[in-house]
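All remarks here apply to the structure that follows.
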Amino acid sequence: MLDLASSIAGRYCTKLLTDGGYDGDAVIWSRESGQTLAEVREAHPDAVVTAITPFGTEGPWADRACTEFTLQAWSGGIVGLGRGSPDRAPVFVGGQVGEWLTGVYAAIGTMVAQPGELVDVSMLEVLALCLTYYPVTYFDMVGRPMRKGRSMITPAVEATSDGLVGVGTGTGQQWLDFCVMVGHPEWTEDRKLIGNHGHLAPVIAEWMAAHTTAEVLELADTFRVPHAPIGNGETIPKTDHFIARGSIVDGAPGPPYRFTKLGDGTPGDLPLDGLRVLDLTAFWAGPLCTHILAMLGAEVIHIESTARPDGTRMLAGLKFSVPDWWEQSGIFAGLNTNKKSVTLDLGTERGKEVLRQLLATCDVLVENYTPRVLDQLGLDLETVRTIRPDLVMVRMPGFGLDGPWRDKPAFAFVIEDAAGLTWMTGYPNEKPLSPYCVGDANAGLHALMGLLVALEQRRRTGEGVFVEAAMVDAALSIAADQITEYATNGVLLERDGNRGPLAAPQGLYLAADADDEGGRDTWVAIAVATDEQWLALRDALGQPAWATDASLLTGEGRRAAHDEIDEHLSAWCADRAAAEIVDCLWPAGVPVAKVMQPHEQPQLEQLQFRRFFEDVEHPVTGAARHSTVPFRFSGRPGPFHVRHAPLLGEHNEEVLRGLGLSDAEIAALESQGVIGRAPASASR
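So in our numbering, spot 165 of the sequence shown is number 174, and the numbers just go up one at a time.
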């Protein structure tokens, strides 16, 4: 393998492949290598060549100037799920998460590519997928954006009497439990508060301030409310859970997944096309892992139940009185195309029995329940080994299968809190803000990478492989710079609003045009990463006197004068529409972007050129645009989406007949409530 990419993304891609034992002929390339892509492909005609670029190797934006900050703006990721205060600028996700996430996607693309194929990876598309929550599909299916504006999520990162703590409610039940925890059971009587309780933030803050961090964590444990301490580069290596799991090795995060032999088998090819996957996942992280497999040709059977459908089905923004509401979630649709749906009540012995029958026919099992659930289902490691010894089994616990946090409930936000991602995001000198997205997508990608490594091991040896891909280990991997910086230099990296260490000036500036709501909330992102870009900015502005100060010719000088530069740029942008600002600065070579609303992603001509979105017809909601994957294969034009996300239980009969069940047996399962086609709550 030849690494010609100098970026974090390229180095991380190479590390994942090397650590995973990849033995194929591959070249990892970026434009900074000094060689053209054509030269590399000509010199290595039989190698997989993985090109990592901001926008993709071709298209109208392929050679445009950018930084990760401006890419986050173009992707809709700075707005995300409404990150930031409504009366201030939104806030980007701190650190360099785009680089790390792009590295994982590049490694995945390399693993599944054919010899001689080009894997064309776009960081813009990576950020569009990982920093937003399928906003375009949601918009097309529901007819409105997921969020209309920014809001400070509550509960979230809260100030206790002696520090900070991360607390959140990912489900309605968790909100009800939280209400009791903070001494306000009367809140549970108002069901409208489940999704609309921002006005209670002062009361919640007062309760938090009256308790220590340890007290809040203990109470949240008791009430099963998702929670974590706010980690950073200094505290993470000292945290009992990470010490117990050996998560930090020589001042850096350890591997994002762990492998154990499961059982014996026969060596042989196991291509993704035709691979059978038992998908016991829900929400985002797990379904993302299996969704990419489904888009690359695997047969993925998604298990739900009528009592507990996948939680993302509940996120349609519709009242439960609307017919077929459970089939109208853009988030579920975005994460589950090409899959099959089977409902099984795993609380019954018959449901568990059928699940074991199905498992025996599968090559892969992926699950992201809390650790104790699989044992309750009778699918402990020894049992699985007897059912299918050559299985690749991937478990995605939030905090791992051992350690004191093993059984804590985990959602993306508390994973981000614990691993330091939250610490780097937010306004300076204020409480940090959870990115509220990265923890899920990142976990799903690392789990998939571990799965692909295990499949390769299975191909070589015939052995089944057990993979533990804890969400928090994956998050630690992309927060590595914080941990290594503190371990090496004693420097604690911290959030700085929309500023960053790699560009000065860097910030968001309010433009003159109104937003979709008629208010003034349209922003542009500008980042000057080099001295040459500063000269380009100065020329594009018309050489104003303030910009000709010789001290501004260096990054150090511009950083020292950042406040003053911001004042001048703010004044200049305030009189111009966002499009005018972009049209003035971008052709001059200045990294600039309009801060896009997430559902506006299809407006970007670069995404149109690369056919990032594909139309999918759904039998209940009609046509909707679906995002694909952030890489293109030179030999495979697509499409990636060949079938709509499954209706609940749509494939019960097909899959169960394949197990040898008769029509009478299937009818009996339905009459007993073991299988079904609608949520149990819909019949009430």
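C-beta: ideal position from N, C-alpha, C; glycine also.
* Do you know whose CA, among C371, L386 and R404, lies nearest R397's CA? -> C371
* Extent of the continuous beta strand (DSSP E) to which I312 belongs -> E308 to E313
* Simplified DSSP assignment, three categories, for Q183 -> helix
* **Neighbour-count burial assignment, N205, 16 or more Cβ in a 10 Å radius** => exposed
* Just grab the DSSP bridge partners of L517 for me. => A534
* Are at least three pairs of beta-carbons, each pair with one atom in the segment 556–573 and one in the segment 601–615, less than 8 Å apart? -> no
* To do: Please list, in chain order, all residues of the same chain as K417 whose beta carbon is under 6 Å from its beta carbon, the five residues on each side excluded.
  => F408
* Around the C-beta of E465, are 16 or more other C-beta atoms found within 10 angstroms, so that it is buried, or is it exposed? -> buried
* Who are the near neighbours of E477 in its chain, counting only those whose CB is closer than 6 Å to its CB and skipping five residues on each side? -> R267, R404 and L410
* To do: Mind listing, in chain order, the continuous alpha helix (DSSP H) runs of no fewer than 4 residues lying wholly within the segment 324–387?
  => 339–345, 358–368 and 380–385
* Whose CA, out of I310, V135, R153 and E227, lies closest to the CA of G175? -> E227
* To do: In angstroms with no decimal places, state the Cα-to-Cα distance between R156 and P688.
  => 26 Å
* Asked: Does the beta-carbon distance from W38 to L25 come in below 9 Å?
  -> no
* Asked: When you compare each of M150, M458, T221 and K440 to D28 by their alpha carbons, which one comes out closest?
  -> M458
* To do: Could you tell me which of G598, T321, T146 and G551 sits nearest to D624, measuring between CA atoms?
  => T146
* Return the residue from the list A456, P553, A137 and T169 that minimises the CA-CA distance to H220. => T169
* Asked: Taking buried to mean at least 16 other C-beta atoms within 10 Å of its own C-beta, is W70 buried or exposed?
  -> buried
* To do: Return yes when at least one heavy atom of the ligand SAM lies under 8 Å from the C-beta of E541, else no.
  => Questions concerning the ligand SAM fall outside what the structure shown contains, since it holds no ligand whatsoever.
* Asked: From L185, A165 and G260, pick the residue whose C-alpha is nearest to that of G177; which is it?
  -> A165
* Which runs of the alpha helix (DSSP H) fall wholly inside the segment 416–456 and span at least 4 residues, in chain order? -> 421–428
* Three-state secondary structure assigned by DSSP to H236 -> strand
* Asked: If we call anything under 9 Å between Cβ atoms a contact, is G30 one with P124?
  -> no
* Asked: Do you know whose CA, among L11, G448, L284 and A237, lies nearest M304's CA?
  -> L284
* Given H455, which residues of its chain have a CB within under 8 Å of its CB, disregarding the five upstream and five downstream residues? -> V113, P265, Y266, A478, D482, A483 and S486
* Asked: Taking one C-beta from the segment 486–502 and one from the segment 424–442 each time, how about it: are there three or more such pairs within less than 8 Å?
  -> yes
* Asked: When DSSP builds the beta bridges, which residues end up paired with M402?
  -> L374 and F475
* Where S443 and E167 are concerned, what is the direct C-alpha to C-alpha distance, given to the nearest angstrom? -> 11 Å
* Asked: Under 9 Å between C-beta atoms, does T178 make it to chain B?
  -> Reference to chain B is not applicable here, since this structure consists of a single protein chain.
* Run the CB neighbour count on H208, radius 10 Å, all protein chains shown included, and call it buried at 16 or more, exposed below. => exposed
* **Straight-line Cα distance separating A116 from G192** => 48 Å
* To do: Please report the residue range of the alpha helix (DSSP H) in which F618 lies.
  => E614 to F618
* **Sequence-distant residues of its chain with Cβ nearer than 7 Å to T111 (five each side left out)** => A18, I61, V130, M132 and V135
* Asked: When the Cα atoms are used, what is the spatial distance from D384 to T141?
  -> 33 Å
* With L127 as the anchor, note down where its beta strand (DSSP E) starts and where it stops. => L127 to S131
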